[in-house]
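The structure appears right after this line, and notes come after that.
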């Protein structure tokens, strides 16, 4: 299957850099068609990709056929049960906003190893003047980047509008995963990174 570029895959290098720091067991939440899982596999001990969308998961299985260190499962993250297994890295790419924020962060925290990391490429709603201003200021760079990389807008996965604004996401993250780095980023995304045991 072909690779492609969009506002989510733009941050795959950031996630791959985190995974490569300490290659371990990765959980990719909302793995979609498996592109990130395929890219994570060479820099990880193992990758588990879960998604509740059976059609997207079928495409992921096609993409990852023969990838022996990758396991795929149709599952809802909030009830996903890996047994006693815990993960060194859990990734969310444009998927956290599909779930209730606090329960999802709490679930992720509980599935990490004692020194595991959480990495989120997320979407937030424009709720404040600052949110709207940041989005407006980013627009020229976003348009240039999209044209330069020949953005693929529709990759056949479920989409949903975010509910929480950036300030609320940062506040909830501060309560559930204290010390998390949460920052605004290009392409209408935010980046959250947290290491277990660092608070």
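Residue numbers (our numbering): 3 to 201. Cβ atoms here follow ideal geometry from the backbone N, Cα and C, with glycine treated the same way.
Where the beta strand (DSSP E) through residue i begins and ends
i           : result
residue 135 : It is not in any beta strand (DSSP E) - residue 135 instead sits in the alpha helix (DSSP H) that spans 131 to 150.
residue 2   : The shown model of the chain, from 3 to 201, leaves out residue 2, and the question about it has no answer.
residue 192 : 191 to 197
residue 183 : 183 to 187
Among the options, the one whose alpha carbon lies nearest that of residue i
i           : options            : result
residue 122 : 182, 43, 8, 24     : 182
residue 129 : 163, 114, 142, 159 : 163
residue 197 : 120, 59, 57        : 120
residue 54  : 75, 48, 61         : 75
residue 49  : 117, 28, 65, 6     : 28
residue 52  : 44, 46, 63, 166    : 63
residue 144 : 5, 12, 4, 6        : 12
residue 25  : 117, 192, 131, 166 : 117
residue 7   : 155, 126, 177      : 155
residue 131 : 111, 169, 86       : 169
residue 110 : 194, 9, 5          : 194
residue 17  : 99, 165, 45        : 45
residue 14  : 125, 95, 87        : 95
Span of the alpha helix (DSSP H), counted from its first residue to its last, around residue i
i           : result
residue 172 : 168 to 178
Distance between beta carbons of residue j and residue i, contact taken as under 8 Å
i           : j           : result
residue 35  : residue 157 : 6 Å
residue 171 : residue 192 : 7 Å
residue 159 : residue 58  : 5 Å
Touching or not, the region 36 to 46 and the region 69 to 76, by the rule of three or more beta carbon pairs under 8 Å? yes
Touching by the beta-carbon criterion (3+ pairs, under 8 Å), the region 74 to 84 and the region 94 to 110: yes
At least three beta-carbon pairs within less than 8 Å, the region 180 to 194 to the region 133 to 153: yes
Length at least 3, wholly inside the region 15 to 103: the beta strand (DSSP E) runs in chain order: 27 to 31, 48 to 53, 72 to 76, 89 to 95
Tell me, please, whether the region 82 to 101 touches the region 19 to 27 by the rule of three or more beta-carbon pairs shorter than 8 Å. yes
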